[in-house]
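Single-structure report; data block below.
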Amino acid sequence: MDSMTTLPRSRPLVRADTVLQPDVLVARRSDLSERDLPAPPVLAVEVLSPSTRLIDLHLKRARYEAAGTPSYWVVDPDEPALTAWELIEGRYVRVAHVAGEETFTATAPFAVDVRPADLISRDARDPVT
Numbered sequence: 282m283d284s285m286t287t288l289p290r291s292r293p294l295v296r297a298d299t300v301l302q303p304d305v306l307v308a309r310r311s312d313l314s315e316r317d318l319p320a321p322p323v324l325a326v327e328v329l330s331p332s333t334r335l336i337d338l339h340l341k342r343a344r345y346e347a348a349g350t351p352s353y354w355v356v357d358p359d360e361p362a363l364t365a366w367e368l369i370e371g372r373y374v375r376v377a378h379v380a381g382e383e384t385f386t387a388t389a390p391f392a393v394d395v396r397p398a399d400l401i402s403r404d405a406r407d408p409v410t
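Pasting the structure below:
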């Protein structure tokens, strides 16, 4: 497998008429150009906010699915939670939904254990009293 890199704020070209900018993406180095990523990333990650929630959960997921992005993760900082989809026979299948201290053990596009609580700063999780 090609070596991979994490690119915050890169602009993958999903189709000739569609450019998406995920919060974090992982791509093969060999797929990168000087200015953007003309191939689908191997992993796109979106962090939900009130203004992007529906777009991230529906529109962007559908676009990445159509483009052939193998893995799509959505992080909800309010819960905190992580939902992961993998492309299986051309369609996204939800492979995980974990919250708080639960662990998601990803095998694709690489092996990693993720706990949603670890993705959110302690200050953001602790209510102000």
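Count the sequence shown with the numbering used here and you get residues 282 to 410, in order.
Don't be surprised by glycine CBs; every beta carbon is placed ideally from N, CA and C.
N- and C-terminal bounds of the beta strand (DSSP E) containing residue i
i: ALA347; result: Careful: ALA347 lies outside any beta strand (DSSP E), inside the alpha helix (DSSP H) at 342 to 348.
i: ASP394; result: 393 to 395
i: GLU360; result: GLU360 -> no beta strand (DSSP E), and no H or E assigned at all.
i: LEU306; result: 305 to 309
i: THR333; result: Counting along the chain, THR333 falls outside any beta strand (DSSP E), and DSSP gives it neither H nor E.
i: HIS378; result: 372 to 380
i: ALA387; result: 385 to 387
Opening and closing residue of the alpha helix (DSSP H) in which residue i lies
i: LEU318; result: Neither: LEU318 is in no alpha helix (DSSP H) and is coded neither H nor E.
Residue i, buried or exposed, once every other Cβ within 10 Å from all chains shown has been counted against 16
i: SER402; result: exposed
i: SER311; result: exposed
i: PHE391; result: exposed
i: LEU329; result: buried
i: LEU306; result: buried
i: THR410; result: Per-residue confidence for THR410 stands at a pLDDT of 46, beneath the threshold of 50, marking its modelled position as unreliable; the derived number appears in the next sentence. With fewer than 16 other Cβ atoms within 10 Å, it is exposed.
i: SER332; result: exposed
i: VAL323; result: buried
i: GLU315; result: exposed
i: VAL379; result: buried
Option in the options with minimal Cα separation from residue i
i: LEU363; options: ARG372, ALA343, LEU340, VAL395; result: VAL395
i: LEU318; options: LEU301, ARG344, GLY381; result: LEU301
i: VAL355; options: ALA308, LEU340, SER314, ARG309; result: LEU340
i: THR384; options: ARG344, LEU338, GLU370, LEU400; result: LEU400
i: ALA348; options: ARG316, SER332, GLU367, PRO397; result: GLU367
i: PRO351; options: GLY371, LEU338, PRO358, GLU315; result: GLY371
i: ALA343; options: TYR373, GLU327, PRO321; result: TYR373
i: ARG334; options: ARG375, VAL393, ASP304; result: ASP304
Supposed contact pair residue j and residue i - C-beta distance, whole angstroms, cut 8 Å
i: ALA387; j: TYR353; result: ALA387 to TYR353, Cβ: 12 Å. No contact.
i: ALA377; j: ALA365; result: 4 Å
i: GLY381; j: PRO358; result: That belief does not hold up - the Cβ atoms of GLY381 and PRO358 are roughly 12 Å apart, past 8 Å.
i: ASP337; j: GLU327; result: 4 Å
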